[in-house]
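Taking it in order: structure first as structure tokens, then the write-up.
2 protein chains.
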Amino acid sequence: MPSQSTATEEFWSKAMGVFAAHQIKTEPDDLANWGTDWTKSFRVDPLAIVFPESIDQIVHLVKRAPEWGVALVPSGGRTGLSGGAVAPNQEIVVSLDRMNKILAFHETDKIVHCQAGLVTLQLQAFAIEHGLFYPVDFSSSGSSQIGGNIATNAGGIRVIRYGMTRRWVAGLTVVTGTGEVLKLNHGLIKNATGYDLRHLFVGSEGTLGIVVEAEMRLIPQPEEQQVMVLAISDLDRILDVLRAFQSTVELSAFEFFSELALQKVLAHRDVPRPFSNASPFYALLEYDANQFEVANETFERVLEAGSVVDGVVSQSLSQATALWALREGISESIASFTPYKNDISVRIGEVPGFLKDVDRIVTQHYPDLEVVWFGHIGDGNLHLNILKPAELAIDDFYQRCHEISPKLFSLIQNREGSISAEHGVGLLKRDFLNYSRSDEEIRLMRELKRVFDPYRILNPNKLITA
Amino acid sequence: MPSQSTATEEFWSKAMGVFAAHQIKTEPDDLANWGTDWTKSFRVDPLAIVFPESIDQIVHLVKRAPEWGVALVPSGGRTGLSGGAVAPNQEIVVSLDRMNKILAFHETDKIVHCQAGLVTLQLQAFAIEHGLFYPVDFSSSGSSQIGGNIATNAGGIRVIRYGMTRRWVAGLTVVTGTGEVLKLNHGLIKNATGYDLRHLFVGSEGTLGIVVEAEMRLIPQPEEQQVMVLAISDLDRILDVLRAFQSTVELSAFEFFSELALQKVLAHRDVPRPFSNASPFYALLEYDANQFEVANETFERVLEAGSVVDGVVSQSLSQATALWALREGISESIASFTPYKNDISVRIGEVPGFLKDVDRIVTQHYPDLEVVWFGHIGDGNLHLNILKPAELAIDDFYQRCHEISPKLFSLIQNREGSISAEHGVGLLKRDFLNYSRSDEEIRLMRELKRVFDPYRILNPNKLITA
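Sequence order for the protein chains is G and Y.
For the first sequence, numbering that gives the first Met the number 0 gives the first residue as 0, with consecutive numbering after it.
For the second sequence, numbering that gives the first Met the number 0 gives the first residue as 0, with consecutive numbering after it.
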């Protein structure tokens, strides 16, 4: 086996047939940067990073990869939390960073045709400039790219009203593992001409094809939004509160976080505590501001019923932003604790029993660790973050979490839930997939992988093993 | 080869191991009835019709079919328009008629878990009984079944607001071609655990698996709706009218029909002409009745601009129903003319040019035939119905239409449109699939078929040939 530097030299001599020198990076710092995502527990060891500037370059690379004997890791904004964009084994990272343009805007269709490397925030901004709205949003929207959103079917904070990324993908251009370019659906609303391959690529984590362009659908701008934060004393009452508001206002978000989550945000950011007294749990609601009267009535009702103990509501856009900061600041505020992130979901009706399940697991197995609860409870999605104590070595911490996770996953399986609600499978959940998918489903997924990527060059060993 | 009756006898002796006698039909009338759909131009020659009453029976049948040497045609309400449920070649028709129950209602999730044979209208009625709404609707909802809707990704009249059937499928149980039962997604909103096979089955026309159960999502009931019908003199102005209303009210429907379509309805039903003067084209709009003021203002604006020449608006539910009858009565009123149905779509922005394309084709190639135009123009979907003159033999008529279709399909291909917007491919469009899907897409579709149905027993030669 050649040494690293020989391998690198060999790669340069081959890659220069496809890329210009400025499109290739092999310096250690660059390999470390583009070779990983937001996870910290996986080996990072790419052979090189390439920055294609056209679909043709990607096609050439994919077609040559089998003879070169290298695998490819498609890479977007690298904000993933499951290691889907990590290159642990001398792969070539294919960064979409330089394919980040808006190619066309079909005004009547409200469709933006863009390259996969477009940053989510830029699509949101483009929409606003045109009096429109791109409704998928989450805390990493300033770095994440549309191609990555599609490859992971990104969700976020407004799924309760607008669904996942999938719903907004009107057309998709992908390069398959054989270097074929598929242009799927062309932005059509109605197209009943056989299997909708587009939907197979959404959420496939770069294992079936490289998303290179997309036609993303926008919608009219919503009304001004109002934000309400509620203090809740009892986990059991969360769903009562959701139901009460859902029957009276159209919710854009229904978020949940624990007192410990709030404490972490308050310690990290200069924001005031929303209520003078602490409560074990909080909910954040967002809805059209013109529904404020009925929202206030509903609040009075759940207060009287004892489902909530206090509430605060935004009276301006800046207040709304400040309340959102309590929820959106959580991930950032706990990042320094190297959290072990469980991203789990059940059907909404299963939420109360599921929260009790989780509470039991946490009390029994993590009594000595800090556990930060938050999530999109309106979608049945809970983020359970186990924080690493400063004195515990990271490997020991992860090993302990990995030992406990299957106990949690078993309870999720019993409720027909998902062990990865929106973070994807990548490397982190791959060996636990059977808790949410049957053996036959996993077998079929392997067969599908074989159809689209017969030479196994696209993101190998992510999501499923060969 | 055994004679028909020997084959039938042999089938009975084998099938009695799986089904009770009352679950099998082989009488000629029954074969003719359950062996076809709403199409009239395909050979109908099934071996038998079976009526399973459980998933187990379907699994047994699928597992034995290869050794019996028979293929299976899954069959729902048989309202299809592309021959997807036709049994032309001694297949066993697997009717879901007796698997038509609602199994559970998850109130918090607003999910109905039902068997595939549930009639669409019954799901709609169940929703209303529970203060909810199932938004997919079309003229065959009184006969069509949920399983068939899923297998064809049914669309209809409110797609502009609520999307296709796909959006409402929260979970799916299918039996694959190897007799494996897949329970997909379990009603979850967020589930990022690999390839979403559910979406592969939606619109697969029974070629990858038999849909046996589904979890369908309901929504809160919408506001009362108002209906407006507009008279339009110029095809070019249709899209101006759509844009004007879309920017002011939230449309639930934007339908289009021609004067000839209206004439056919008036001749067939006892309904009055909406305007004293005939216009070449009409549009029907539906929107929340509480938006009537801004709708009226918009009408005044498009009237002044000359985009419409007249308008009428519903003042009650019965008036709204009467106006809808003008549009919904079209299919029924032209049924006796054995129409050759083109169901085509383009991106909405392409509609004006596309309508001109179609006009040119019609003028050039069908000058002597009646052509009824209608469709869901708000979704880019046009139904172009060529009526058979009474004196022309059906085979000659179809042959002539089949000769002209490719000219139309070429123009659709140039605009990246779909040769089957919502009717599916079945037998009717199979040999024209290349106008909307690339060679590589069709090759991949064949590979997927092989993965899910390796013995080729599920609806063979529908959608794609082997």
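All C-beta atoms, glycine included, are put in the ideal place defined by N, C-alpha and C.
By DSSP's assignment, G/C400 forms no beta bridge with any residue.
For G/I48, no Cβ of chain Y is located within less than 8 Å of the residue's own Cβ. Within the region 212-248 of chain Y, the complete alpha helix (DSSP H) segments at least 4 residues long are 237-245, listed from N- to C-terminus. A direct Cα-Cα distance of roughly 20 Å separates Y/A47 from Y/G178.
A buried status is given to Y/I145, since no fewer than 16 other beta-carbon atoms sit within 10 Å of its beta-carbon.
Between G/S138 and G/E327, the gap from beta carbon to beta carbon is short of 8 Å.
Ranked by Cα distance from Y/I393, the options Y/A319, Y/V424, Y/A14, Y/T38 are led by Y/T38. Within the same chain, V43 come within 7 Å of Y/A31 by CB-CB distance, once the 5 residues on both sides are set aside. Rounded to the nearest whole angstrom, the C-alpha separation of G/Y194 and G/G202 is 16 Å. At a Cβ-Cβ threshold of 8 Å, Y/I333 and Y/V371 count as neighbours. About 4 Å separates the beta carbon of G/E285 from that of G/S251, a gap short enough to meet the 8 Å contact definition. For G/L171, the secondary structure class from DSSP, reduced to helix, strand or coil, is strand. In this chain, the beta strand (DSSP E) harbouring G/D342 covers 339-344.
Between the region 218-225 of chain Y and the region 126-135 of chain Y there are three or more C-beta pairs closer than 8 Å, enough to call the two in contact. Boundaries cannot be given for G/L80, as no beta strand (DSSP E) includes it and DSSP labels it neither H nor E. Nearest CB-CB separation between G/M215 and chain Y: not below the 8 Å threshold. Counting only runs of at least 3 residues, the region 284-349 of chain G fully encloses the following beta strand (DSSP E) elements, listed from N- to C-terminal order: 309-312, 339-344. Within the region 415-428 of chain Y, the residues whose Cβ lies closer than 9 Å to any Cβ of chain G are, in chain order, E415, G416, S417, I418, S419, A420, E421, H422, G423, V424, K428. At a Cβ-Cβ threshold of 8 Å, G/L383 and G/N433 do not count as neighbours. Contact between the region 64-76 of chain G and the region 84-92 of chain G is present: 3 or more CB-CB pairs across the two stretches fall below 8 Å.
Sequence-distant partners of Y/G141 (beyond 5 residues in either direction) whose C-beta falls short of 8 Å from its own C-beta, in its chain, are V118, T119, L120. In the DSSP assignment, G/E254 falls within the unbroken beta strand (DSSP E) covering 250-257.
Around the C-beta of Y/M163, 16 or more other C-beta atoms lie within 10 Å, and the residue is accordingly described as buried. Listed in chain order, the beta strand (DSSP E) runs fully inside the region 82-116 of chain G are 91-94, 101-105, 110-114, counting runs of at least 3 residues. Burial state of Y/T78 is buried, judged by a 10 Å Cβ sphere holding 16 or more other Cβ atoms. Within the same chain, A169, G186, R216 come within 8 Å of G/D108 by CB-CB distance, once the 5 residues on both sides are set aside.
Boundaries of the alpha helix (DSSP H) harbouring Y/N148: 145-151, taken from the DSSP string. The residue among G/T464, G/D452, G/I463, G/K461 with its C-alpha nearest the C-alpha of G/P65 is G/D452. The beta carbons of Y/S278 and Y/F373 sit no closer together than 8 Å. By the Cβ neighbour-count rule, G/S335 is exposed, with fewer than 16 other Cβ atoms within 10 Å of its own. Annotation: Cβ neighbours of Y/V158 in chain G (cutoff 7 Å, chain order): I188, K189.
For the 8 Å CB-CB criterion, Y/K189 and G/D136 do not form a contact. When only Cα atoms are considered, G/D358 and Y/L199 end up about 36 Å apart.
Residue contact with chain Y for G/R455: absent (no Cβ-Cβ distance below 8 Å to any residue of chain Y).
Distance from G/Q114 to G/E212 at the Cβ level is roughly 6 Å; contact confirmed, criterion being Cβ atoms closer than 8 Å. Every unbroken stretch of the alpha helix (DSSP H) spanning 4 or more residues and falling wholly within the region 375-457 of chain G is given here in chain order: 393-413, 438-451.
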